[in-house]
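Protein sequences appear in the order of chains A and B. So the first sequence is numbered by the working numbering: it starts at 67 and just counts up by one. So the second sequence is numbered by the working numbering: it starts at 67 and just counts up by one. Since the structure comes first, as structure tokens, the remarks are kept for the end.
There are 2 protein chains.
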Amino acid sequence: MKKVKVYVTLRESVLDPQGSAVMGSLHKMGYGEVEDVRIGKYMELMIEDGERNIEAMVDELCHKLLANTVIEDYRFEIEEAVSQ
Amino acid sequence: MKKVKVYVTLRESVLDPQGSAVMGSLHKMGYGEVEDVRIGKYMELMIEDGERNIEAMVDELCHKLLANTVIEDYRFEIEEAVSQ
């Protein structure tokens with residue numbers, strides 16, 4: 067069993083209105099030191115070991131479903147997990 | 067300037083319908099090896115160095131705004147960032 071951590075973030079050049087809204091709220095709450103906020107997704111997948119190469123598979127499913135590669139970047143880490 | 071990476075995840079005991087939906091889609095796409103999907107948030111904050119202790123401040127703003135601690139856990143990492 068593998069535990070895969072996937073991070074999906076908006077590309078640098080893409081506006082992040084959700085991040086801007088959070089930054090606005092933080093400023094109103096008195097945290098003026100916060101200069102930028104970018105919001106992305108964090109996903110944890112548990113994947114059974116099989117015949118397929120896990121790294122190639124995760125890359126494929128990020129491309130096909132988990133990230134929109136037109137506006138988002140992704141990266142992932144694969145860890146050994148204890149089977150439950 | 068500090069770069070703070072914040073990870074917000076649903077607590078173990080809380081159902082994750084978004085994760086279940088993604089897992090259902092992955093199964094339909096032929097990725098039956100995926101046994102579990104949990105979806106959380108990943109945030110990057112750029113924070114100006116000031117008088118306040120950054121660690122205490124980030125903890126405070128996670129509690130107050132970024133995470134709903136009733137159903138979510140959070141953790142964060144603070145890195146030195148190059149000022150732009």
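Here a beta-carbon is modelled for each residue, glycine too, at the ideal position from N, C-alpha and C.
Residue from the options with nearest C-alpha to residue i
i                      : options                   : result
residue 90 of chain B  : B/120, B/143, B/103, B/81 : B/103
residue 96 of chain B  : A/87, A/130, A/137, A/74  : A/130
residue 87 of chain B  : B/101, B/137, B/124       : B/101
residue 139 of chain A : A/85, A/148, A/120, A/128 : A/128
residue 77 of chain A  : A/141, A/119, A/147, A/92 : A/141
residue 82 of chain B  : B/107, B/120, B/68, B/67  : B/107
Buried versus exposed, by CB contacts within 10 Å (16 or more), residue i
i                      : result
residue 98 of chain A  : exposed
residue 116 of chain A : exposed
residue 111 of chain A : buried
residue 133 of chain B : buried
residue 80 of chain B  : exposed
residue 125 of chain A : exposed
residue 113 of chain B : buried
residue 136 of chain B : exposed
residue 72 of chain B  : buried
Endpoints, the alpha helix (DSSP H) within which residue i is located
i                      : result
residue 144 of chain B : Counting along the chain, residue 144 of chain B falls outside any alpha helix (DSSP H), though it belongs to the beta strand (DSSP E) covering 138–146.
residue 91 of chain B  : 83–94
residue 121 of chain B : 120–127
Heavy atom of the ligand ADP within 6 angstroms of residue i beta-carbon
i                      : result
residue 110 of chain A : Ligands displayed in this structure: none; no statement on the ligand ADP is therefore possible.
Run of the beta strand (DSSP E) containing residue i, from where it starts to where it stops
i                      : result
residue 110 of chain B : 100–113
Cross-strand partners of residue i (DSSP beta bridge)
i                     : result
residue 73 of chain A : A/108, A/141
residue 68 of chain A : A/113, A/146
Proximity below 7 angstroms, CB of residue i to CB of residue j
i                      : j                      : result
residue 74 of chain B  : residue 144 of chain B : no
residue 105 of chain A : residue 123 of chain B : no
residue 68 of chain B  : residue 147 of chain B : yes
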